[in-house]
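Peer 1: Residue numbers (this note's numbering), protein chains in the order written: chain A, 232 to 614; chain R, 232 to 614; chain P, 514 to 827; chain L, 514 to 827.
We put the beta carbon where it would ideally sit given N, CA and C, even for glycine.
First, the structure itself, so that you have it in front of you.
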Amino acid sequence: MDLNWTAEQDANRAEARQWLELNLAEWRSEIGEQLSGDTADGVAQQMLWEQRLFDGGWSVVSWPTEYGGRGGSLWEWLIFEAEYWRAGAPQRVTQNGIQILSPSVFEFGTPEQKDHLLPRMASAEDLWCQGWSEPNSGSDLASVSSRARRVDGGWILDGQKTWTTRGAFCTHLFGLFRTDPESSRHRGLTYLLVPLDTPGVTVRGFGRLDGDEGFAEVFFDEAFLADDAVVGGVVLGEVDQAWSVVVAAAGTERGLLRPPGRYLATSAELIRLIASVDGDRSLRRRAAIAWMKAEAFDLQTLRVITSLLDGGDLGSESSLSKIWWSELDIELHAIAMDALGAAAEIDDEWSKGWQFALSGPIYAGTNEIQRNIVAERVLGLPR
Amino acid sequence: MDLNWTAEQDANRAEARQWLELNLAEWRSEIGEQLSGDTADGVAQQMLWEQRLFDGGWSVVSWPTEYGGRGGSLWEWLIFEAEYWRAGAPQRVTQNGIQILSPSVFEFGTPEQKDHLLPRMASAEDLWCQGWSEPNSGSDLASVSSRARRVDGGWILDGQKTWTTRGAFCTHLFGLFRTDPESSRHRGLTYLLVPLDTPGVTVRGFGRLDGDEGFAEVFFDEAFLADDAVVGGVVLGEVDQAWSVVVAAAGTERGLLRPPGRYLATSAELIRLIASVDGDRSLRRRAAIAWMKAEAFDLQTLRVITSLLDGGDLGSESSLSKIWWSELDIELHAIAMDALGAAAEIDDEWSKGWQFALSGPIYAGTNEIQRNIVAERVLGLPR
Amino acid sequence: MRFGWSEDQLAFRDAARDLLSKECGPDVVRTAWEGAPDPKPWSSLEAMGVLSVLVPEADGGLGLDETFLVPVLEEAGRAALPQPITDTAMVAASLGVTGSVVVTDLGGPIVGSADTADGFLLAVDGGVALFDADQVEREPVTTVDRSRHAARIRATGPGRTVTDDASEVAAARDRGALGTAAELVGLADQMLAITVDYVGERQQFGKPIGSFQAVKHHLANARVAIEFAGPAVARAAWSIAEGADTASRDASMAKYLANEAAAESAKVALQCHGAIGYTVECDLHLYLKRSWALRRLWGDSDHHVDRVAGVLFE
Amino acid sequence: MRFGWSEDQLAFRDAARDLLSKECGPDVVRTAWEGAPDPKPWSSLEAMGVLSVLVPEADGGLGLDETFLVPVLEEAGRAALPQPITDTAMVAASLGVTGSVVVTDLGGPIVGSADTADGFLLAVDGGVALFDADQVEREPVTTVDRSRHAARIRATGPGRTVTDDASEVAAARDRGALGTAAELVGLADQMLAITVDYVGERQQFGKPIGSFQAVKHHLANARVAIEFAGPAVARAAWSIAEGADTASRDASMAKYLANEAAAESAKVALQCHGAIGYTVECDLHLYLKRSWALRRLWGDSDHHVDRVAGVLFE
């Protein structure tokens, strides 16, 4: 056990910190008032930021350099993320591609798909949204009913996706479609890559809980998706075999590691807030408890990365992390709301953060599903 | 709405308070050191107390006078219970009979059974324990497998009951036995009344969590229960129809109303404890919250009694109360443990109370079952 | 001893509930998010006498007490009525101040319906004074619940002194806590009801999600919290109406338990709705955000717990 | 950066686990409830060098640090080893005090193994001094966990001063919190493991109770709490071994999270066992009661939260 960072890692951290400080200041003066990343104007601002990140070589720290990455280890990724959130940099509009799609491209993509998709994802030339949920398929992902029918030279898509984060501002969607009409549940699904400007595809943005247009519905109405609509092909993995891609993605390390720096940064802000409002002893105690939980998440991540580097895999334990960070995020913001008292109802950063935190136990598989997974796959309880 | 007590009710309260003060003092000087009511010597002490209660006319306040009661209303019962717990009087060793058996005797008993059973129960001549749970039937009561086979002049009993509270000190058991060997689940069960000195019945006391011999196993080994082993007959209700008795008992008002005075008394003690150890603000806040919950339980009981007197019935709402008082009892004792700090591990009244409180979410139907009932029967969610 | 609303109180409440279910559905609440609220439900309640329950008959009111008003405020909460009915019908009316919409900063610095109110009851030097709409300056505040139309208010005119008596001001604050507690119990019940309907219909894994034990237990928890907050609110109404010694303590207890019931109901309602509830297209958010605002008005949970602790440990 | 036990540390831990699983099963813990504990597991651990991990090689110890000892203390917790191993192997050893069983009142006024200890390390005027068994008076205390054989201790002889340095005493207290935290993580894991086995076997309503979602979620909550307490304990071991500036804060964080993990595990273990667990015939109570005792030794949760808050809000 050695919790000291190496001199090289310290240097990485210093470099990241300096770069972020300088570039955030420049970007902020360039854009004026910063808008929500879940609005059209806000996304436009953030594209400028993504461009800076990519140009600076910080967009995808742990990817190989050939795909636009920095070739860094998971440690360097973790260090960068800690600095990123500490600096108050904005949530990434590229995150659904980088966190959810890219691990599957790395594992299942053809060389041509990797060469084409990954650099464009890293540079935000393509902005990807996730097409998994449907009006009748939320927690029960295997019940998706959007269809893709094989025709000469491509696929005809029909159906609807929804709750698609930032769908109204993205260029592409990755999604699950039922390609074997005789199939049911998790069999007969194909993982397709769909440009959103495909004729027959309609995107309608709508308001999330905080009112920002952070969600979209995506309608597929006899939309023809040509096999070459995406360089390297529109199918990721094998036809009818999307489920194996989905399952593998849940077990891979890239992307699914939630950066603890985010919660450490929020807990540091919370402590400043409470110190500034002269919080009483019970608020200070609650904040100290939340800080410890953020710190524990950081430590657990260090443990997980050590284990991954030793050749272990993440597996179902990611469900433990998801329960922890999502409930911690609510706790951090609930304490802030209590510290703000009457001012908590003002529509500002803290109350936006509170509302966003409430989505944590819902998205990426509800915490009820995560607890089932912990019970069944980690503890081995009967299904 | 009128939350004032009548002059007559105030007089009842004063009478009860005075009687309890005098008689508790006399009883305490009579017995010396008070022992746990879950030990043989403690039960002997408490029988003296039960005798006093009965002689004073306070054993069963709301029963008709013909059965040894005081003929009081539910309000008078409530007032007496509040005074009883406020005075620090001991838990009743007669309670399983008075609270669980007697409502069914009132509703399903023959006149002869009522005349015989009820006065002896009120005077503690008979001490009843409950024979419902079996080694393989806890939450799932309908799965009981102890059998009663009809023979000339009586029944032959076989099987085993367990977790029978104070079984080692009781004279009689009321229990569910499978009388139709072809039956399954809740059909074919009969509610039998069994003297524990019946040959072939063996009782073995064993330690509850706190180490006191508060539980017993009761073994039935070809035990012959004569039809006249209990005056009025050993079957309560109809043969093979015990389930209707059990269901009705859950909906009747007598007995199932948990006296809120018990938790009000504990919260008053908790406040004294915390004031005495100079508890910090967060302990005081926690105690104030627990006090409010005890008070809310009292108020909800007043609401329920008002509704019962208006002709309503208790029904599944008793599950709401059970969840509330059982979790409140743990909360009250957990705060006390925290206030005691290092002294919390000493085996005394508070730590005994803590351990006892932990049984609350388990007995009388686990709180998991109660929440199912609230969801399905109160809210109408699908089973 | 009789702990339940009277026939008259229930009839009055039921009339308000009928009226609000017809005139103040979620669509009406939504209009208040866009601009001025529909005046209809408010004027219907006014016509029913709800706003003047506490006004003496001699002054044209109903001359009744808080035990008549509180059940109606629960209904106003259930409907998420946009106007600040506690301010007008409970606080202002009890201080003898009438007007169509009277709002006050006694419950906190951020005042609702600031743009349409015709009377402003403001804390002034330990007392309260009444100001007309043209005697105040409004600094609008964008709140999460847009239907509140909130602002910070500063007096620019002299106003009319309503009372200098600190105990009357304290009593007004108790009434504000009580009225808000009643609204919160109604909101909690409404969020639960919407969710019970939803989870009975929504199918996942081949069955209604309401048949999953985790969903059942979430909703059971909300039901338990409401079951025990309701009587605390009713008792506080009675204590205040009777001028009981425990009135302040009872108001605090009511507000605390109602706060917690609303918090529990809001939490499980959103979680059991999942992504569908996490949008402004779903009606749930109207009630959710109102409950968040009311939880901190007229004293948050810590404030009221401290008041109760102050009595218990005095 | 490498956050995991080394091969050597794991091998040492596994050896202790094997030893304890053979020599300190629930039956052995039960004997300590009736009288003096079986000396075998303790002397085996002593022979393995566990008691002298922190003792310099020059003094006949292993000359290793807390990162070797802590994984073994988790195993001692898992086994509910009756003797106070944290007192002896962690606290006394780090102060250069050796002996077969050394106990101390630095962690609280109620001291375990008071009847069999051969050394008593007692707080004296800001420092600590060591007393022999015949230099102390014991006032036995009946504790819920009878296997603790606890007493309040009063010195009757002069003793030998071990240190007068307040910072050494404070460091000893941090080590006590760390060692106890490690024991609690082991206990939490043990209670969970026993319960997972039980709910997989116990049938009600025609299936194992572990297939009910409510039971699953209870146990998942315990697993989550343990998952995040473990790394906090490991980090505190490293911080103390390295003499890091954050050592005290990290020890408090470890103790707090371990306390809460043990509390959660104890709660759900008992609830999921139902009446079967609510008896002294079921082994669960041995671990349950030990966890209750250790939660309040060497500082309870409020104490350690306040220490962390003190650093964060300094």
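Might you give, ordered along the chain, the residues of its own chain that have their beta carbon closer than 8 Å to the beta carbon of D471 (chain R), omitting 5 neighbours on each side?
Peer 2: If we look at D471 (chain R) and ignore the five residues flanking it on each side, its Cβ neighbours are T410, D411, S414, R418, G419, L420 and T421.
Peer 1: So A606 (chain A) packs on K720 (chain L), CB below 8 Å; how close in whole Å?
Peer 2: A606 (chain A) to K720 (chain L), Cβ: 14 Å. No contact.
Peer 1: With distance defined between alpha-carbon atoms, name the residue in A:G611, A:W236 and A:A242 nearest to V709 (chain L).
Peer 2: Ranking A:G611, A:W236 and A:A242 by Cα distance to V709 (chain L) puts A:G611 first.
Peer 1: May I ask you to list the residues that DSSP assigns as paired with E652 (chain P)?
Peer 2: Looking at the DSSP assignment, E652 (chain P) forms a beta bridge with P:R665.
Peer 1: Does the count of Cβ pairs from the stretch 795-809 of chain P and the stretch 748-757 of chain P closer than 8 Å reach three?
Peer 2: No: the two stretches stay apart, fewer than three of their Cβ pairs being nearer than 8 Å.
Peer 1: Which residues share a DSSP beta bridge with H403 (chain R)?
Peer 2: R:W359 and R:P426.
Peer 1: Is D618 (chain L) near L635 (chain L), with beta carbons less than 8 Å apart?
Peer 2: Their beta carbons are under 8 Å apart, which means D618 (chain L) touches L635 (chain L) by this criterion.
Peer 1: Suppose the cutoff is 7 Å on Cβ atoms and the five residues either side in sequence are ignored; what does the same chain contact list for Q277 (chain A) look like?
Peer 2: Cβ within range, chain order: G268, P321 and V324.
Peer 1: Is it the case that the Cβ atoms of A774 (chain L) and A742 (chain L) are separated by a distance below 8 Å?
Peer 2: Contact: yes.
Peer 1: Along the stretch 512-540 of chain R, what residues have a CB closer than 8 Å to any CB found in chain A?
Peer 2: Listed in sequence order: R512, S513 and R516.
Peer 1: Applying the criterion that 16 or more other CB atoms from any shown protein chain within 10 Å of the CB defines a buried residue, is D535 (chain P) buried or exposed?
Peer 2: Correcting the residue identity first, residue 535 (chain P) is Lys in this sequence and not Asp. With fewer than 16 other Cβ atoms within 10 Å, it is exposed.
Peer 1: Cβ atoms of V583 (chain P) and D600 (chain P): under 8 Å apart, would you say?
Peer 2: Cβ distance not < 8 Å, so D600 (chain P) and V583 (chain P) don't count as in contact.
Peer 1: Here's the rule: buried if 16 or more other CB atoms are within 10 angstroms of the residue's CB, otherwise exposed. What is G670 (chain P)?
Peer 2: So G670 (chain P) counts as exposed.
Peer 1: Examine chain R for any beta-carbon lying closer than 8 Å to the beta-carbon of Y800 (chain P), and answer yes or no.
Peer 2: It does not; no Cβ of chain R falls within 8 Å.
Peer 1: Using the rule of at least 16 other Cβ atoms within 10 Å of the residue's Cβ for burial, across every protein chain shown, is T393 (chain A) buried or exposed?
Peer 2: Buried is the call here.
Peer 1: DSSP state of F718 (chain P), grouped into three classes?
Peer 2: F718 (chain P): coil per DSSP, three-state reduction.
Peer 1: Would you grab the beta carbon distance between V274 (chain R) and R351 (chain R) for me? Rounded to a whole angstrom, and I think it's under 8 Å.
Peer 2: About 17 Å separates the two Cβ atoms, so there is no contact after all.
Peer 1: Excluding the 5 residues preceding and the 5 following I505 (chain A) in the sequence, name in chain order all residues of the same chain whose CB lies nearer than 7 Å to its CB.
Peer 2: So the list reads L514, R515, A518 and A570, once near-sequence residues are dropped.
Peer 1: Can you say whether R659 (chain P) is buried or exposed, counting buried as having 16 or more other CB atoms within 10 angstroms of its CB?
Peer 2: With 16 or more other Cβ atoms within 10 Å, it is buried.
Peer 1: How big is the Cα-Cα spacing for G445 (chain A) and R301 (chain A)?
Peer 2: Between G445 (chain A) and R301 (chain A), the C-alpha separation is close to 30 Å.
Peer 1: Counting only C-beta atoms, is Y791 (chain P) closer than 8 Å to chain A at any point?
Peer 2: Yes, because at least one Cβ of chain A sits closer than 8 Å to the Cβ of Y791 (chain P).
Peer 1: Classify V712 (chain L) as helix, strand or coil using the three-state DSSP reduction.
Peer 2: If DSSP states are grouped into helix, strand and coil, V712 (chain L) belongs with the helices.
Peer 1: Taking M766 (chain L) as the query, report the chain A residues whose CB atoms sit under 7 Å from its CB, ordered along the chain.
Peer 2: Within 7 Å Cβ-Cβ: M523 and E526.
Peer 1: Given a threshold of 16 other Cβ atoms within 10 Å of its Cβ, counted over all protein chains shown, does N243 (chain R) qualify as buried or as exposed?
Peer 2: By the neighbour-count rule (16 or more Cβ atoms within 10 Å), N243 (chain R) is buried.
Peer 1: Between the Cα of S778 (chain P) and the Cα atoms of P:M704, P:L586, P:G699 and P:D796, which residue gives the shortest distance?
Peer 2: For S778 (chain P), the nearest C-alpha among the options comes from P:M704.
Peer 1: Find the nearest neighbour of T676 (chain P) within the set P:A524, P:G639 and P:A695, judged by alpha-carbon distance.
Peer 2: Ranking P:A524, P:G639 and P:A695 by Cα distance to T676 (chain P) puts P:G639 first.
Peer 1: What did DSSP end up calling Q702 (chain A) once you bin it into helix, strand or coil?
Peer 2: Given a span of 232 to 614 for chain A in the structure shown, any question on residue 702 (chain A) remains unanswerable.
Peer 1: Between A727 (chain P) and chain L, is there a C-beta pair that is closer than 8 Å?
Peer 2: Yes, A727 (chain P) counts as interfacial toward chain L.
Peer 1: Do A353 (chain R) and G299 (chain R) have their C-beta atoms within less than 8 Å of each other?
Peer 2: Yes, the Cβ-Cβ distance between A353 (chain R) and G299 (chain R) is below 8 Å.
Peer 1: Less than 8 Å between the beta carbons of F516 (chain P) and M232 (chain R), yes or no?
Peer 2: Going by C-beta atoms, F516 (chain P) is nearer than 8 Å to M232 (chain R).
Peer 1: Show which residues of chain R have a CB atom less than 9 Å away from the CB atom of P552 (chain P).
Peer 2: Correct list: empty, because the minimum Cβ distance to chain R is about 32 Å.
Peer 1: Provide the residue span of the beta strand (DSSP E) that contains F633 (chain P), from first to last.
Peer 2: From DSSP, the beta strand (DSSP E) with F633 (chain P) extends over G632 to V637.
Peer 1: Determine the chain P residues that contact H730 (chain L) at a beta-carbon separation under 9 Å, and present them in chain order.
Peer 2: The contacting residues are Q726, A727 and H730.
Peer 1: Measuring straight from C-alpha to C-alpha, what distance separates G543 (chain A) and S519 (chain L)?
Peer 2: Straight-line Cα distance between these residues: approximately 15 Å.
Peer 1: Just checking: is the beta-carbon of A595 (chain R) within a distance shorter than 8 Å of some beta-carbon in chain P?
Peer 2: It does not; no Cβ of chain P falls within 8 Å.
Peer 1: How is A457 (chain R) classed by DSSP in three states: helix, strand or coil?
Peer 2: Three-state DSSP puts A457 (chain R) in a strand.
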